[in-house]
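Visitor: One line per chain: the protein sequences are H and Y, in this order.
With our numbering applied, the first sequence corresponds to residues 2 to 293, in that order.
With our numbering applied, the second sequence corresponds to residues 2 to 293, in that order.
The structure under discussion is supplied below as C-alpha cells; questions concerning it will follow.
Protein chains: 2
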Amino acid sequence: MSDSVTMAAKAESTLAIVCGGGSLPFAVADAAVRQGRRVVLFALRGFADPQRVTAYPHHWARMGEFNRFMSIATEEGCRDVVFVGSVTRPSWWQLRFDLRLLRLIPDIVRLFRGGDDRLLSGMAGLLEQQGFHVLGPQEIAPELVMPDGPIGTRVPNDRDRADIARGLALLAANSPFDIGQAVVVADNQVLAVEGPEGTDQAVARVAELRRSGRIRTPSGIGVLVKAPKIGQDHRLDLPSIGPQTIEGAAAAQLAGIAVVTGSTIVAEPERLAAAADKAGLFVIGVTDGTRR
Amino acid sequence: MSDSVTMAAKAESTLAIVCGGGSLPFAVADAAVRQGRRVVLFALRGFADPQRVTAYPHHWARMGEFNRFMSIATEEGCRDVVFVGSVTRPSWWQLRFDLRLLRLIPDIVRLFRGGDDRLLSGMAGLLEQQGFHVLGPQEIAPELVMPDGPIGTRVPNDRDRADIARGLALLAANSPFDIGQAVVVADNQVLAVEGPEGTDQAVARVAELRRSGRIRTPSGIGVLVKAPKIGQDHRLDLPSIGPQTIEGAAAAQLAGIAVVTGSTIVAEPERLAAAADKAGLFVIGVTDGTRR
C-alpha cells in the first residue's frame, strides 16, 4: 500500500483519542491534524490536562463509560481509536456502570486480575469486539517513535553499555510478570525495579537512596533502562520519555537513559535532546537482541 | 558426626560475631552462649545497636578494618566467624584502609562491582583465605530458622497461595540479577520489587501506593514473599523477618507474609507469632519447588 493510499484511508474517519495524563496525547493529536485528519479527544477525567484539551474538539469521560464512549464516537464518525497518556489502574468504585458495561462485567472482572498489560489489552479487545479499530500512537505519529542511537550530544561509555545490557536482560526476565517497564542499573548493580508507582517514582527512589547513603555508587554512574514488555501489544501503553524523565534522571545523578528503538514514544524529541544536553545526560535508542 | 561431637568442636573456639543492625545479632549471640560457647562481638560502627552490644564482650570496628579484625579475633581465640545483622553497602571513602586491606585491593575492587551477594561472598572468601571459618547464623542457632507451615493462627487462602507462588517465581527469575530478596504480590499483580532500599522500605512503598490511590487492590489482599537468591551462599545475608516486618505488612494492608522454610531467619519467633496474630496476618514458611 503506497503512502498516499494510507493517508487517504486514514482521512476517512475521525480519530478518537482516549486521552490520559501528560503531553503525549496532544503530540499525537497534533501529528494526526498535520496529516489532515480530524480528531476528537475523549479526555479522561482526573488524568487529561483540562487546559490543553480545550484546544481540540473534546468530550470529558470517565473510565468505564463504554456506552457513552461508543455512542459519541459513533456520532462523531470515529472508527479508529488510540489510547494515549498516563492513567492509574481504575478501581471498581470509580467506574461508571452504564448498561453496556454491565453486560461486559464477566470479561472485565477477568481484566482486573493481573497487571496493567492484561487490563489494557482486554479493554482494547472489548472495543474491537464492538467494531472499533484500536491503533498505537506510533501508527498515528511515527515521528514520535524513538530512533536508533543517541538523541543529543552525549553517548554512553563502556560501563554504561554494560549497565544497559544488564537492564535489558532484567526487563526481559521480569516481562512474564507484567511489572513495570523500567529499571535503574549502576555499575552492574540494580538500584530500582519499577512497580505500579511508575518510572518517575522509581527514579526518584534512586535519588532518595543516594541522599540517605543507602547506595554508594558515585554520582554520574547508572542508567535508566526502559523497554516494553516482551509480547506486549504495541498499540497500548508503550514506554514513553519526556523532559520530566530527564529531570528525574539528573536528580538521581545517573549517566543517562536508554530506551528500546522503535517501541518507545518521545513526546517532544527536540525539547528532550536540549534537556538531555543541558543536564549532561545521554539519551539513546538501543536495539534489544532478545526481542522480535 | 554426632551432635555431641559437633557441640564439642564448636566449644573449641570463641565465636566472632560481626554485628550489623537489628536484633538478630543478639539472638544469635544468645543462642551461642546457651550452647556454652564464648562469643565476641565485632560491632560495626553506624550499624550495631550501641546499647545492646554492651551486654556482650565486644570491640567496635569499621567496615574494611580487616587487619584490626584479624589481629583482635586471633588474640580472642576466634576461628569461627558469623556475619549477622543489616548493613549498608559501604563506599570506598568509608573504608578504613589498613595495610592488609591495601594488599587485598585488587580483590576488593572486583567485589564492589555487582550486587550485595557478590560483595558478601567475596568478603567471606577473603576471610577464609586468611584461615577463618565463616559460618551461617542458622548453623549457630538452628532454633532461629523458619519452620515449615504457619507461625501463629492465620493461614493463607487460595488467592494468597497463588500470590505466594507468583512471588516465588518472580524472585527466582530475578535471582541472577542479585536484586533484593522480597516482592509484594496482590491478587496476581506485582506491587513492589525490593531493591537496595530493603524489605521494610519496599513494603512501605505499597502502603504509600495505597494511600495515594495508585493501586486499588482492596485492603487485606496481598502477600510479602521473601526468599534467598538461588545459589546464594547460605552463610551470608539470609532473609530475615521480625516484628517490624509484621508492622510494615500490616500498614500496607497485606494478608500475610511467606518466607522460604529453612532459609529464613526469625529473630524472635514467639514475639513474631504474637505480633502476627494481633495484626491479623498470616506468617508462613513455604517450600519452593524451584530451589534445591
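Beta carbons: idealized from backbone N, C-alpha and C, even for Gly.
Here the structure is a predicted model, which means the values were calculated and not measured.
By the three-class DSSP mapping on this structure, what secondary structure does I242 (chain Y) have?
Guide: In the structure shown, I242 (chain Y) sits in a strand (DSSP, three-state: E or B).
Visitor: In chain order, what residues of the same chain have a beta carbon less than 6 Å from the beta carbon of S220 (chain H), not counting five sequence neighbours either side?
Guide: Closer than 6 Å at Cβ, skipping near neighbours: Q254.
Visitor: I'd like the span of the beta strand (DSSP E) that includes T15 (chain H), first residue to last.
Guide: Start and end: 15 to 20.
Visitor: Rounded to whole angstroms, what is the Cα-Cα separation between E77 (chain H) and A33 (chain H)?
Guide: In a straight line, the C-alpha of E77 (chain H) is about 16 Å away from that of A33 (chain H).
Visitor: Just to make sure I have the definition right: I need the residues of chain Y whose C-beta is within less than 8 Å of the C-beta of A252 (chain H). Which are they?
Guide: Those do not exist, as A252 (chain H) stays about 16 Å from chain Y at its closest Cβ, beyond 8 Å.
Visitor: Locate the alpha helix (DSSP H) running through Q139 (chain H), then write down its first and last residues.
Guide: Per DSSP, Q139 (chain H) belongs to the alpha helix (DSSP H) from 138 to 141.
Visitor: D81 (chain Y) bridges to which residues according to DSSP?
Guide: According to DSSP, D81 (chain Y) bridges with Y:L16, Y:H134.
Visitor: Can a CB atom of chain H be found closer than 9 Å to the CB of Q182 (chain Y)?
Guide: Output row for Q182 (chain Y): interface = no.
Visitor: Go ahead and label P270 (chain H) buried or exposed: buried means 16 or more other beta carbons lie within 10 angstroms of its beta carbon, across all protein chains shown.
Guide: P270 (chain H) is buried by the Cβ-count criterion.
Visitor: Do you know how far the Cα of L136 (chain H) is from the Cα of L128 (chain H)?
Guide: Their backbone Cα atoms lie some 11 Å apart in a straight line.
Visitor: Would you say the region 278 to 288 of chain H touches the region 58 to 69 of chain H, given that touching needs at least three Cβ pairs under 8 Å?
Guide: Touching, no.
Visitor: Rounded to a whole number of angstroms, what is the C-alpha to C-alpha distance between Q131 (chain Y) and R236 (chain Y)?
Guide: In a straight line, the C-alpha of Q131 (chain Y) is about 17 Å away from that of R236 (chain Y).
Visitor: Using only the alpha-carbon positions, how far apart do V184 (chain H) and R211 (chain H) sit?
Guide: The straight-line gap from Cα to Cα measures roughly 16 Å.
Visitor: Can you say whether K279 (chain Y) is buried or exposed, counting buried as having 16 or more other CB atoms within 10 angstroms of its CB?
Guide: Exposed, by the Cβ-count rule.
Visitor: Taking all protein chains shown into account, do 16 or more other C-beta atoms lie within 10 angstroms of the C-beta of D81 (chain H), making it buried, or fewer, making it exposed?
Guide: Under this definition D81 (chain H) is a buried residue.
Visitor: Do L145 (chain Y) and V29 (chain Y) have their beta-carbon atoms positioned less than 9 Å apart in this structure?
Guide: It is a contact, given that the beta carbons lie within the stated cut-off.
Visitor: In chain order, what residues of the same chain lie with their CB nearer than 6 Å to the CB of G23 (chain H), ignoring the 5 residues before and after it?
Guide: Only G86, S87 meet the Cβ criterion.
Visitor: Residues bridged to F283 (chain Y) by DSSP?
Guide: Its beta-bridge partners are Y:G257.
Visitor: Residues of chain H with a CB under 7 Å from the CB of L169 (chain Y): which are they?
Guide: Going along chain H, no residue has its Cβ under 7 Å from L169 (chain Y), so there is no contact; the nearest lies around 11 Å.
Visitor: Can you give me the C-alpha to C-alpha distance between L239 (chain Y) and A44 (chain Y), rounded to a whole angstrom?
Guide: Their backbone Cα atoms lie some 19 Å apart in a straight line.
Visitor: Would you please verify whether the beta carbon of N158 (chain H) is less than 9 Å from any beta carbon of chain Y?
Guide: It does not; no Cβ of chain Y falls within 9 Å.
Visitor: May I ask you to verify whether the region 166 to 177 of chain Y touches the region 148 to 160 of chain H, counting CB pairs closer than 8 Å and requiring at least 3?
Guide: Taking 8 Å as the limit for Cβ pairs, the verdict is that the region 148 to 160 of chain H does not touch the region 166 to 177 of chain Y.
Visitor: Contact defined as beta carbons within less than 8 Å: I believe Q233 (chain H) pairs with D201 (chain H). What is the distance between those atoms, to the nearest angstrom?
Guide: Going by Cβ atoms, the distance from Q233 (chain H) to D201 (chain H) rounds to 20 Å, so no, they are not a contact pair.
Visitor: By DSSP, does P151 (chain Y) sit in helix, in strand, or in coil?
Guide: The answer is strand: DSSP assigns P151 (chain Y) an E or B state.
Visitor: Spell out whether any CB of chain H is found under 9 Å from the CB atom of L192 (chain Y).
Guide: L192 (chain Y) counts as touching chain H.
Visitor: Assuming P148 (chain H) and T262 (chain H) form a contact by the criterion Cβ under 8 Å, report the distance between their Cβ atoms to the nearest whole angstrom.
Guide: The pair is a contact, with the Cβ atoms about 7 Å apart (cut-off 8 Å).
Visitor: Expressed to the nearest angstrom, what Euclidean distance is found between the alpha-carbon atoms of V54 (chain Y) and L42 (chain Y)?
Guide: In a straight line, the C-alpha of V54 (chain Y) is about 7 Å away from that of L42 (chain Y).
Visitor: Is Q139 (chain Y) buried or exposed, if buried means 16 or more other CB atoms sit within 10 Å of its CB?
Guide: It counts as buried.
Visitor: For L273 (chain H), count neighbouring Cβ atoms within 10 angstroms of its own Cβ and tell me buried if that reaches 16, exposed if not.
Guide: Per the 10 Å Cβ criterion, buried.
Visitor: Three-state secondary structure (DSSP) at S213 (chain Y)?
Guide: In the structure shown, S213 (chain Y) sits in a helix (DSSP, three-state: H, G or I).
Visitor: Report yes if the CB atom of R215 (chain H) is closer than 9 Å to the CB atom of E248 (chain Y), and no otherwise.
Guide: No; because the gap between Cβ atoms is not below 9 Å, this pair is not in contact.
Visitor: With 7 Å as the limit, tell me which residues of the region 196 to 229 of chain Y have their beta carbon closer than that to any beta carbon of chain H; keep them in chain order.
Guide: Under the 7 Å Cβ criterion, the region 196 to 229 of chain Y contributes G196, P197, E198, R206, L210, G214, R215, I216, R217.
Visitor: Please state whether DSSP places G207 (chain Y) in a helix, a strand or coil.
Guide: At residue 207 (chain Y) the sequence reads Val, which differs from the Gly that was named. Residue state, collapsed to three classes: helix.
Visitor: By Cβ distance below 6 Å, which residues in the same chain neighbour F133 (chain H) in space, the five residues on each side in sequence not counted?
Guide: Once the five neighbours on either side are set aside, the close Cβ partners of F133 (chain H) are V82.
Visitor: Examine chain Y for any beta-carbon lying closer than 9 Å to the beta-carbon of P177 (chain H), and answer yes or no.
Guide: Yes - at least one Cβ of chain Y is within 9 Å of the one on P177 (chain H).
Visitor: So, for V19 (chain Y): in the same chain, excluding its five sequence neighbours on each side, which residues have a beta-carbon less than 6 Å away from its beta-carbon?
Guide: Contacts found: F43, F84.
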